[in-house]
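Novice: Protein chains in written order, with our numbering: chain A, 129 to 524; chain B, 129 to 524; chain C, 129 to 524; chain D, 129 to 524. All C-beta atoms, glycine included, are put in the ideal place defined by N, C-alpha and C. Supplied in structure tokens, the structure appears directly below.
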């Protein structure tokens, strides 16, 4: 994918796509990360934004982003309408606001025929999520959900190795994600910390929605099979708050493969080490975001191997499409977001051109993945409330 | 402890103690490890053994160990009697046989007034374990159980830091131990692999008894508080066998502190990385046996620190007693076993001399720790069988 | 620097600067890296390019980069003239061609009043380098040289810690950079590999110019003092070629501080691990590009500490200006290039606005650093030729 | 070697050998390490000692070691004579005193027909070293020199891989050893620190003799070829002292293979990380004592591999002889010393029994390796004094 025009499915684009962003103003974080990925991919210009619903913040933030004055909005509905009316209106919108607004914003832009790139978790309840699934199916719009870790080159390589049988039959899968930031009492933390623990904004879970959904998606993505059941135990171990800040879960992947998910945002001394371990009858894989270029492949009764991004490293074609720099020149999270925005651009261009993309060529997370994540959050919260009973978490 | 005679509680010994070993003959493993630890400590001579119940193996093994011909036995009862009758008879016996023989062997030697050093798990059922506890209390004999990982210098340091409050109030505790060796089909593996999966020899669990007990002890030892409850899920993921080879557990430590234990002996590409993570409100600790000299101390919102064994590393007095070589000269499992046998020698000398050792000065695992381990195994097996219900696992 | 307009020296920019690129067409590598950095910084639009001197490659590459047709050039002189004549002409040019063309290209654009961003080594001989220094001093143009490793947040942090005295008086400094790619015979490698070993293109050295200059700059940058003398030993250990592929050097930093530089591009199994170790009387620092987020600070006789980018990590203000994402969200080489292009944008905006930037606020490498690098290459080659004699390598 | 009696060359021993130790009393360090290795091997009883030349220290130390009263000496000459006269006299002596006494002590015991195990550096000048070589050749006594790092299982594995051609033709070899302890001013450090910097005791070098000799031996041992030439630069960077505490060297191994040796004992934050890197045309090896169980094998343009001690790890027969515990049960320096003392026991038993051991089966360092080390120290000191000229360092 790094070389545009390399084959019929990846024709040379004629122009950069135009991206609008909702959320991301001063004091927020993830909106900027979206914009960095879009820029890095060289497939997007960020041209419009409702970066905040407070007009003065929206204006100041828009100027900081170097948006044109007439494309700085504070009302996303107005933005959807006015952008749709412009000849040079946005092709897609990135939704980077608190969770409970995702649904309404997505609907507003979908109704204008604008493709959607939404942050996760997709919504705060399953009906909203399913509504977005239905709308996407009816409109045929592209709807990506930014589980960005799935766009690391070495995560793609891991998925390809599982699919190719390098591990043999899968036996167990463990995903963990520990952070420390929520040890800061909410009153001393920023606004971003406060809305994340407010049930009115995030629904039935804090940490499970915020980082548990990443674990849920990453395990399923690499294993190529969904989580079907779970039992969960929620804890509030850090400063007092109305929702959990820690959760331990037992899960089953399709085919009754057991696994665990362990998450906490009050784990002192930890930062962003989402870590995946997949064990098969012949070998295991380990990947940790804090060393994103390394994929540990450990065959039974043989020396361990360390695969890295780049030529001569034994990596497969899916990962190779994400190689921007030679082996050893370290890539990291910005590059992963760039990869994701590149894939989304390809999908959106193809849709606009009426071209079909063969199954499996693009692997960005979709609205369906987003809905599965919401289902996961709800099931986990319900299981914990019921004392840790096993609950189904499929969409069936 | 490295300097004998350093104070009143550690007087200069007048002689090496005499150790007998039951088990450990050709084809076995752990008996040799015991003997290496005893030798390394310079507090013991290994002088007698019933290294096998098969006379020819016992004889060949005894010669290999350079035992005197008249102190090579194949019947441990005969050994107990004859050694007790000698003026230069053994001071203690190391029991390194399969689990279901530990109780009878311990009883035989205790009845002769010989101190006991038993491998874990202590017994295959709780009544046997409690019987040993009772006998120890009645006789006052020293009864050590070789949870040797607790004798690593940096594990002692971890325990001391928890006790001193360096982590603040404890919040969560995770212990995992993954190995790969049981991926070899039992019929192709050695005898040591075969008895370990035989319920008649090991009781209700394979992996939970073999390595789960290590996790159970290590977490409780470092945290200074027992596991009070658990819920467990057993799996047999590798080659077919009558017992579990993998288990995931949720636990509670005294004070309702939550944690997890994850164990597997069919985890391809893993070896002996028992790993402990203790999180408190102020900081966390991490230790992994495969890097035994490093203790990671990670305060909230500060740089992580790496403590190492030796002077100038900020370690406390308990760990310092186990420093045999200057910082950076790597010590490992042999040294840990040496530490354990050194502590046991001190305890046995004190008992024989009628000296009391102040509370907390020695920290070797006792018969009570062994009984708690058996309780843990039984509770885990019962919980798993009942679908993962919470069960008490104290001795109360 | 991440927050535009944060103080008087970093006013909010009114527009993105316009960047032209010379070199970087299909088959080349570093030009794309420049462009990624420029885009990621959100301070630049890449609007023009002479990406190749071969018209058809220039055209195809320009389209791939999504340049406007009328701003795709194959002759850099034409580009300099036509861009200078446009109202919306480029503000700066990035020179990413083989070494022997840097001087002429820089002159052509400087003559049009266009600011310069040149790759390293600056030129293939000292007179050319000094000519550029003189021209820069005469014109006052911004002239940055892309020693991009100096723009990693943790390298800035290292420099700040040395300056603040955290290490005490410096005692020794070691820099190494090992790569493996030149083990591929030149005839089987790409064009980029072939010109790098051609004395007509690169001057008196291959590896010393290509990666030795990075070591030379990084050590001096972090220590805050130049290399004054060196003795070098060149080797050609890999496939036959007219220049060295390996060099070992002893150096002196200002103040007679000894150090070494070790470089090789035929070191099997190595990639991009440029590694710096600075030892002072009180502590040492270690940084390695393959783990760019970690700065190891190791005080004498205390636990080692690991500093990381982000809040709560004890990092200073210079590094903090380069923090784009919270601690633990890994940044890497793309982000470093983004940092460098951000600093260059600030410098160029200030020059254009006639604003003075206080000494020390910006730390991007300048034409003087570039000239020092050329001097270093020449001195190393001469020393090696003369059997390893000590030679001065200052510009005095 | 772990299984005695495994073949004709390793017959089952009939008894433990008897070891005497000179040096090692209270306040010293390395003598205790010798004794730990001897004990761990189960091939030796430590039965006699002149642990100090000060009678009261000798007596206290001897009791601490649990030596019999009549075998505690303060005069090594008396010890040599009286032990030689006993029916149960020592078989070998371990010389663990300051350097300048090694020669006289070795001579005293060789004259009594006692085998020698000497610490390094062998002597303080070449004539003394060559005298010991000559005496060994005349007497046929076993004379081991305790370069113990060469007895790590993974170092043996490295040597075997080089010999087998796994790296292809060797191209460059780098050994470094950094420690921090000599940052403590000598007056504040122990006696062991003071004699090491006294030219009257150690000859022309401090650090080069103390740890440089380890680097010199390790590189030559693994590469299977001697260092033939060197140029050295000595520095005294730490507290004032009459000898160097830091040295950088360029070397040549037989066949004109270039390399470097970098050593310092005033490198803040470092401990015992002697690190070896061997690069060949096809692959490289890296080993570091602070992770002694890991051997990094990195083929060109393939994933890196991590070999570990133990079955199923792809290790060869030489290393396998040193496997005492299953893969993953960490072994370290005590085990390496145990390995070395085991090999020495085999050699001494064979000599006493008149059995020849086939070439290459035992690989313990000999008096010739010791003499090469002394030559290395002298050549390095002379080269540095002469401004870094190249000097031969063979015994030819």
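1) Is there a Cβ of chain C sitting closer than 8 Å to that of residue 378 of chain D, yes or no?
2) Mind listing the chain A neighbours of residue 397 of chain B? Cutoff is C-beta to C-beta under 7 Å, in chain order.
3) Can you find the residues in the same chain that come closer than 8 Å, C-beta to C-beta, to residue 295 of chain C, ignoring five residues on each side of it along the sequence?
4) So with CB distances below 8 Å, who are the chain D contacts of residue 300 of chain C?
5) For the pair the region 322–338 of chain A and the region 360–373 of chain A, tell me if three or more CB-CB distances fall below 8 Å.
6) Checking contacts by CB at 8 Å: is residue 388 of chain C closer than that to chain D?
7) Return the chain-ordered list of same chain residues with a C-beta closer than 7 Å to the C-beta of residue 264 of chain C, the five sequence neighbours on each side being excluded.
8) Find the nearest neighbour of residue 449 of chain D within the set D:242, D:285, D:430, D:149, judged by alpha-carbon distance.
9) Flag this pair as yes or no: are the beta carbons of residue 159 of chain D and residue 176 of chain D separated by less than 8 Å?
10) So, for residue 480 of chain B: in the same chain, excluding its five sequence neighbours on each side, which residues have a beta-carbon less than 8 Å away from its beta-carbon?
11) Determine the DSSP secondary structure at residue 481 of chain B, reduced to helix, strand or coil.
12) Thinking C-alpha only, which one of B:360, B:262, B:348 is nearest residue 513 of chain B?
13) Do residue 492 of chain B and residue 471 of chain B have their C-beta atoms closer together than 8 Å?
14) At 3 residues or longer, and completely inside the region 251–305 of chain D: list those beta strand (DSSP E) runs for me, N to C.
15) Please name the residue, chosen from A:188, A:185, A:239, A:249, that lies closest to residue 230 of chain A on a Cα-to-Cα basis.
16) Using the rule of at least 16 other Cβ atoms within 10 Å of the residue's Cβ for burial, across every protein chain shown, is residue 419 of chain D buried or exposed?
17) Does the pairing of the region 307–315 of chain D with the region 387–400 of chain D give three or more beta-carbon distances under 8 Å?
18) Whose Cβ in chain C lies nearer than 7 Å to the Cβ of residue 523 of chain B?
19) Among residues of its own chain, excluding the 5 on either side of residue 180 of chain B, which ones have a beta-carbon nearer than 7 Å to its beta-carbon?
20) I'd like to know if residue 334 of chain D contacts chain C, where contact means its C-beta is closer than 8 Å to some C-beta of that chain.
21) Looking at residue 221 of chain A: is its Cβ nearer than 8 Å to the Cβ of residue 245 of chain A?
22) From this set, D:384, D:436, D:195, D:401, which residue's C-alpha is nearest residue 392 of chain D's C-alpha?
23) Which first and last residues belong to the alpha helix (DSSP H) in which residue 164 of chain A is found?
24) Taking buried to mean at least 16 other C-beta atoms within 10 Å of its own C-beta, is residue 315 of chain A buried or exposed?
25) For residue 519 of chain A, list the residues DSSP reports as bridge partners.
26) In its own chain, which residues sit with a C-beta less than 8 Å from the C-beta of residue 432 of chain A, not counting the 5 before and 5 after it?
27) According to DSSP, is residue 371 of chain B helix, strand or coil?
28) Can you tell me which of C:287, C:258, C:178, C:435 puts its alpha carbon nearest to the alpha carbon of residue 525 of chain C?
29) According to DSSP, is residue 437 of chain C part of a helix, a strand, or is it coil?
30) Would you kindly check if the distance between the Cβ of residue 339 of chain B and the Cβ of residue 369 of chain B is under 8 Å?
31) What number of angstroms, rounded off, separates the C-alpha of residue 191 of chain D from the C-alpha of residue 452 of chain B?
32) Under the three-state reduction of DSSP, which class applies to residue 141 of chain B: helix, strand or coil?
33) Taking all protein chains shown into account, do 16 or more other C-beta atoms lie within 10 angstroms of the C-beta of residue 354 of chain D, making it buried, or fewer, making it exposed?
34) Just to confirm, are residue 281 of chain D and residue 506 of chain D a CB contact at a threshold of 8 Å?
35) Go through its chain and collect everything with a Cβ distance to residue 142 of chain C's Cβ below 6 Å, but skip five positions before and after it.
Specialist: With the structure as the only source:
1) yes
2) 411, 412, 426, 427, 428, 432
3) 289, 406, 407, 408, 409, 410, 411, 412, 413
4) 363, 365, 374, 392, 395
5) yes
6) yes
7) 271, 495
8) D:285
9) no
10) 219
11) helix
12) B:360
13) yes
14) 271–273
15) A:249
16) buried
17) yes
18) The premise fails here: residue 523 of chain B is roughly 38 Å from chain C at the closest Cβ pair, so nothing lies under 7 Å.
19) 153, 186, 189, 202
20) no
21) yes
22) D:401
23) 158–169
24) exposed
25) A:358
26) 424, 425, 426
27) coil
28) This structure does not reach residue 525 of chain C, given that chain C is present from 129 up to 524, and the question cannot be answered.
29) coil
30) no
31) 18 Å
32) coil
33) buried
34) no
35) none
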